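Here is the structure we will look at.
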């Protein structure tokens, strides 16, 4: 059930962020998608076993479009199910955002702690597809960044892969003291 739910939620988020190509408020232009080398490289890294990929670039450099293209490429894959989260908006952390999505999509009432547990348990499953958690617009110091750091620190299995986009990877990848790798 979760596979179709995350794919449907990703499709709905992409549709919500899609508009006319001349609408600068929305990152995706309707019927306008150019395949990008970065998308192919990310998918190759994931297929080769990378557990996390960070896509860094200046604002408006196309990071969101790479994630949109990744969703397109993995949409019918038996190996991958992608859940895309828009972290560019202020608000709840990652676990609460996922809980909200499952409640809205499946009418499952979950707490952030239950989402943490589900992600860790699911990440160690040997069933296909694996979950690609694509988080777009991670800002340093945000609640989403803190939850991602927690998830990385506590560890997760091969059935969960992270793809993050950010303007500032150098601050996302540093520990609390600002010097050590996060």
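Numbering (the working numbering), first residue to last: 36 to 217.
Glycine included, every Cβ here is placed at the ideal spot set by N, Cα and C.
Predicted model only: the values in this text are computed from it and were never measured.
1. Which runs of the alpha helix (DSSP H), 4 residues or longer, sit entirely within the segment 132 to 164?
2. Which parts of the segment 68 to 144 are runs of the alpha helix (DSSP H), unbroken and 4 residues or longer, counting only runs that do not cross its ends?
3. Among the candidates 51, 62, 41 and 168, whose CA atom is the shortest distance from the CA of residue 129?
4. Taking three-plus beta-carbon pairs below 8 angstroms as touching, is the segment 86 to 105 in contact with the segment 141 to 154?
5. Counting along the chain, where does the beta strand (DSSP E) carrying residue 200 start and finish?
6. Would you list the residues sitting across from residue 171 in a DSSP beta bridge?
7. Under 8 angstroms by Cβ, that's how I've got residue 199 and residue 166 pegged, so tell me the actual separation to the nearest angstrom.
8. Within a Cβ cutoff of 8 angstroms, which residues of the same chain sit near residue 63, ignoring the five residues on either side of it in sequence?
9. Alpha carbon to alpha carbon, what distance is there between residue 170 and residue 44?
10. According to DSSP, residue 166 sits in a beta bridge with which residue or residues?
The relevant details are as follows:
1. For the alpha helix (DSSP H) assignment, the uninterrupted runs of no fewer than 4 residues enclosed by the segment 132 to 164 are, from N- to C-terminal side, 147 to 158.
2. 72 to 82, 98 to 109 and 129 to 141
3. Across the set 51, 62, 41 and 168, the C-alpha of 168 shows the shortest separation from the C-alpha of residue 129.
4. no
5. Looking at the DSSP string, the run of the beta strand (DSSP E) that includes residue 200 is 195 to 201.
6. 121
7. Actually they do not touch by this definition, with Cβ atoms about 14 angstroms apart.
8. 49, 52, 53, 54, 99, 100 and 103
9. Between residue 44 and residue 170, the C-alpha separation is close to 13 angstroms.
10. 116 and 195
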